[in-house]
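Residue numbers (this note's numbering): 71 to 319.
The structure is reproduced here in structure tokens:
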């Protein structure tokens with residue numbers, strides 16, 4: 071619970087698609103839920119997703135800050151870095167804030183752990199990842215490819231990781247002595263981070279060209295549930311219909 075200054079649980083909560091993508095998505099899939107079934111039909115009104123959502127919303131209402139619906143990801147990271155929350159389940163690149171005294175008053179005091187398992191023992195972390203792509207219509211494919219090679223190369227990724235751009239996507243960077251030295255004072259971060267990436271995390275959402283717009287609908291259902299405008303079941307049932315319609319266009 072909260073004492074008004076320190077809160078038990080925190081998450082980002084804006085009315086945008088990525089509110090569902092990190093901690094909430096991990097909870098949904100760990101409860102046995104999914105966004106769409108094998109036939110392409112939206113499944114967010116399933117018993118599993120409803121249960122995950124009810125627990126997620128309840129935790130925020132009981133133990134979270136009242137401004138959840140206005141909480142940006144970087145505000146969450148900075149607040150957690152300064153002791154406002156006891157627990158967040160979110161992107162591991164926030165560690166660059168947590169362990170930097172320019173942003174954090176609790177350097178060296180954080181604990182890092184794998185996300186909680188669901189009711190049946192599942193643990194399915196959703197992987198947030200950015201990609202470098204080249205448009206097929208590019209008139210400068212050679213230069214574009216050279217940029218991609220540079221930006222994803224060992225030298226640049228190691229340098230950027232050492233300068234606060236977490237987390238490196240190359241195993242060679244994680245294995246490098248320089249990176250090992252950087253994270254050596256960060257508690258269990260390196261061990262937990264590698265286990266998470268190498269054994270558990272996957273991109274779990276169903277690929278769709280308009281997924282952001284589809285996920286926007288899902289997020290509005292979360293906010294309506296949190297604000298008491300609708301029950302979780304009613305909000306997700308309506309959102310599932312809208313998501314199916316959006317995908318069908």
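Don't be surprised by glycine CBs; every beta carbon is placed ideally from N, CA and C.
- Contact check for residue 310 against residue 236 fails: the beta carbons are separated by 8 Å or more.
- Of all C-beta pairs linking the region 244 to 261 to the region 74 to 90, fewer than three are shorter than 8 Å, placing the two stretches out of contact.
- Listed in chain order, the non-local C-beta contacts of residue 146 below 6 Å within the same chain comprise 80 and 82, local neighbours out to five positions each way being set aside.
- Rounded to whole angstroms, the separation of the alpha carbons of residue 123 and residue 89 is 13 Å.
- For the set 197, 196, 195 and 212, the Cα lying nearest the Cα of residue 203 is the one of 212.
- Residue ranges of uninterrupted beta strand (DSSP E) with 3 or more members, entirely inside the region 95 to 178 and ordered along the chain, are 155 to 158.
- For residue 224, the number of other beta carbons within 10 angstroms of its own is below 16, and it is reported as exposed.
- Rounded to whole angstroms, the separation of the alpha carbons of residue 93 and residue 305 is 19 Å.
- For residue 80, the enclosing beta strand (DSSP E) begins and ends at 77 to 80.
- At a Cβ-Cβ threshold of 8 Å, residue 174 and residue 151 count as neighbours.
- Between residue 98 and residue 119, the C-beta gap is smaller than 8 Å, which places the two residues in contact.
- Each residue's CA atom was taken as its position, placing residue 302 and residue 295 some 5 Å apart.
- The beta carbon of residue 163 sits closer than 6 Å to those of 236 and 237, all from its chain and outside the five residues before and after it, given in chain order.
- The criterion of a C-beta distance shorter than 8 Å is not satisfied by residue 284 and residue 183.
- For residue 258, there is no enclosing alpha helix (DSSP H), as DSSP gives it neither H nor E.
- Here residue 102 really is in contact with residue 190; their C-beta atoms are around 6 Å apart, less than 8 Å.
- For residue 283, the three-state secondary structure derived from DSSP is helix.
- Around the CB of residue 196, 16 or more other CB atoms lie within 10 Å, so the residue is classed as buried.
- The beta carbons of residue 232 and residue 240 sit about 13 Å from each other, so the pair does not count as a contact at 8 Å.
- If you look at residue 226, you'll find it in the alpha helix (DSSP H) that goes 224 to 232.
- Rounded to whole angstroms, residue 153 and residue 271 show a C-alpha spacing of 27 Å.
- Residue 188 and residue 159 have their C-alpha atoms spaced approximately 14 Å apart.
- Just measuring C-alpha positions, the residue of 229, 267 and 100 sitting nearest residue 252 is 229.
- Counted as a single uninterrupted DSSP element, the alpha helix (DSSP H) harbouring residue 242 occupies residues 241 to 245.
- With a cutoff of 8 Å on beta-carbon distance, residue 214 and residue 208 are scored as near each other.
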